[in-house]
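Numbering (the working numbering), first residue to last: 2 to 346.
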């Protein structure tokens, strides 16, 4: 649920307002005119890359990643002409400057009520000491994901020290991690979910997800996930009239910022050899990566994630170690051949 005071401005409107504010600061001496113009130029580039009609609050960490990487690949005529380099991408210094500029805009946007959550906090593109910006691996490996899922499913019988039974949240935490890791919803879709959004059809449990742009999708839940969900609804969810699926032990709907703390709490129970920190958006990448790596139909994965275009899947897909070797060992043209792959005929 968006706060009543949220101002759903477009990227172009936000840029105009922000640049006007930046230029006004030159009057007081807080910024030099040249610095203000650099900010203005970078913000204009953001509008170009993000799309001027895009609503600022709809930008996610993945969108910011795509924008940063698109900027890094933009030709830099001065660099190419002056250094003799081919390719002419943006220098590391220019990339770092652009990141600072848009970070400042989003920080102001969060204070001004233009965004609910600063999307820079979900960005996984970081500056390298040499070579500019690069995307960090966001998807967990199969072993890491299975370690996290195993820790979520292993709900302890005994209450943690100092907690009353009605304060326990282990089942709720398990539902959060399992839904994120196997269905890959956006964190906003998860915290917005209500109990009534889950229904059963022909013995299969579904989640009706209300996504971006007013679109809905019905996603079937894996049996193990449906079982934990039912257990949470039966004995883990506070008995309050609130319709929200995910509640604090005091009976209040969880906020987006609470979800990371839940993941970290479950991660603490994972074997250190399998443990790696991950964000909610990283678990969305994990879902996409492993479904696609397992040769699940691309259109099915698109529908699970709630994208309108197959081309968007590319940025939710991370490479996995050894993936190409596995694919070639299980080559579809060699399966079932008499004598196996070595048969020469």
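Just so it is clear, CB atoms sit at the ideal spot from N, CA and C, and this is done for glycine as well.
Computed from a predicted model, the values in this text were never measured in an experiment.
Tell me whether the segment 286–298 and the segment 187–195 touch, counting them as touching only if at least three CB pairs, one residue from each stretch, are closer than 8 Å.
no
Name, in chain order, the residues that DSSP records as bridge partners for residue 210.
218
For residue 143, which residues in the same chain have their Cβ closer than 7 Å to its Cβ, ignoring the five residues on either side in sequence?
291
Based on the DSSP secondary-structure assignment, which residues constitute the bridge partners of residue 248?
254
Pull up the distance between the alpha-carbon of residue 93 and that of residue 287, whole angstroms please.
29 Å
Grouping DSSP H, G and I as helix and E and B as strand, with all else coil, what is residue 126?
strand
Determine the burial state of residue 237: buried for a count of at least 16 other Cβ atoms within 10 Å of its Cβ, exposed for fewer.
buried
Count the C-beta pairs between the segment 270–285 and the segment 43–56 that are closer than 8 Å, then say yes if the count reaches three, no if not.
no
According to the Cβ coordinates, are residue 267 and residue 140 closer than 9 Å?
no
Three-state secondary structure (DSSP) of residue 288:
helix
Take residue 302 as the anchor and find which of 186, 112 and 8 has the nearest alpha-carbon.
186
Look up residue 229 in the DSSP assignment and say whether it is helix, strand or coil.
helix
Identify the continuous beta strand (DSSP E) that holds residue 46 and give its terminal residues.
Looking at the DSSP string, residue 46 is not in any beta strand (DSSP E); the run it does join, the alpha helix (DSSP H), is 34–51.
Does the beta-carbon distance from residue 112 to residue 173 come in below 9 Å?
no
Taking 9 Å as the cut-off, decide whether the C-beta atoms of residue 180 and residue 225 are in contact.
no
Counting Cβ pairs, one atom from each stretch, are 3 or more of them under 8 Å apart for the segment 13–22 and the segment 98–116?
yes
Under 9 Å, do residue 260 and residue 177 count as touching if we go by C-beta distance?
yes
When the Cα of residue 256 is compared with those of 244, 189, 62 and 276, which residue comes out closest?
189
Who are the Cβ neighbours of residue 37 in its own chain at under 6 Å, not counting the five residues just before and after it?
23, 24 and 27
Which residue marks the beginning of the alpha helix (DSSP H) containing residue 183, and which one marks its end?
171–183
When burial is assigned at 16 or more other CB atoms within 10 Å of the CB, is residue 215 buried or exposed?
exposed
For residue 88, count neighbouring Cβ atoms within 10 angstroms of its own Cβ and tell me buried if that reaches 16, exposed if not.
In this predicted model, residue 88 has a pLDDT of only 49, less than 50, meaning its place in the structure is not dependable; the value taken from the coordinates is given anyway. Exposed, because fewer than 16 other Cβ atoms sit within 10 Å of the Cβ of residue 88.
Candidates 8, 252 and 305: closest to residue 170 by CA position
252
What's the gap between the Cα of residue 124 and the Cα of residue 289?
17 Å
Under the three-state reduction of DSSP, which class applies to residue 260: helix, strand or coil?
helix
If you run the structure through DSSP and keep just helix, strand and coil, what is residue 267?
helix
What does a CB cutoff of less than 6 Å around residue 99 pick up in its chain, not counting 5 residues either side in sequence?
43 and 72
Cβ atoms of residue 209 and residue 230: under 9 Å apart, would you say?
no
Distance, Cα to Cα, residue 75 vs residue 232?
51 Å
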